[in-house]
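What follows is one structure encoded as structure tokens, with my remarks underneath.
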Amino acid sequence: MNKSAQTIKNIAKCLLCGDIIESKHRHDFVTCKCGNLSVDGGQDYWKRSFLHGTDSYKELGLSKDQENKESDCCTDCDLDNPSCDKCLGS
16 MNKSAQTIKN IAKCLLCGDI IESKHRHDFV TCKCGNLSVD GGQDYWKRSF LHGTDSYKEL
76 GLSKDQENKE SDCCTDCDLD NPSCDKCLGS
């Protein structure tokens, strides 16, 4: 995400346990059930903490810049991105 872009959804998916987690407000530190991935920052900032490398999670966050564009999740959509209208079938 562009660091200067306004965050709409601060979401990521752990590829180890399948949890989709969202930080909804500043300092809302949320961790997946297996403990591999945490997200933080809500709409103020994006922070990712992970144990097993960047390939152990999928970024699902949405910024204001992406709001009216097709996001990366739709390139090869796995139909589980809660921030994407195409993934939701809308």
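In the working numbering, the protein residues as written are 16 to 105.
For each residue, glycine too, the CB sits at the ideal point set by N, CA and C.
Nothing here was measured: the structure is a model prediction, and the numbers come from that model.
Pull up the CB-CB distance for residue i and residue j, whole angstroms please, since I reckon it's below 8 Å.
{"i": "Leu76", "j": "Asn25", "result": "In the sequence as presented, Leu is not what sits at residue 76; that position holds Gly. Contact flag correct, Cβ pair sits at about 5 Å."}
For residue i, tell me which candidate among the options has the shortest Cα-Cα distance.
{"i": "Glu74", "options": "Gln21, Ser64, Ala27", "result": "Ala27"}
{"i": "Trp61", "options": "Asp43, Cys49, Cys32", "result": "Asp43"}
{"i": "Asp59", "options": "Gly50, Gly33, Ser38", "result": "Ser38"}
{"i": "Arg41", "options": "Val54, Asp34, Ser78, Cys49", "result": "Val54"}
{"i": "Ile35", "options": "Gly50, Gln21, Thr22", "result": "Gly50"}
So, residue i versus residue j, is the Cβ gap smaller than 8 Å?
{"i": "Ser71", "j": "Leu30", "result": "yes"}
If we count the other Cβ atoms within 10 Å of its Cβ and call it buried at 16 or more, is residue i buried or exposed?
{"i": "Gly56", "result": "buried"}
{"i": "Leu52", "result": "buried"}
{"i": "Cys47", "result": "buried"}
{"i": "Cys32", "result": "exposed"}
{"i": "Ser78", "result": "buried"}
Compare the C-beta of residue i against all C-beta atoms of chain C and say whether one is closer than 8 Å.
{"i": "Trp61", "result": "Absent from the structure is chain C; it holds one protein chain and no more."}
Which residue spans inside the segment 21-67 form an unbroken beta strand (DSSP E) run of at least 3?
If we require 3 residues or more, the beta strand (DSSP E) runs fully inside the segment 21-67 come out as 22-24, 26-29, 35-37, 52-55, 62-65.
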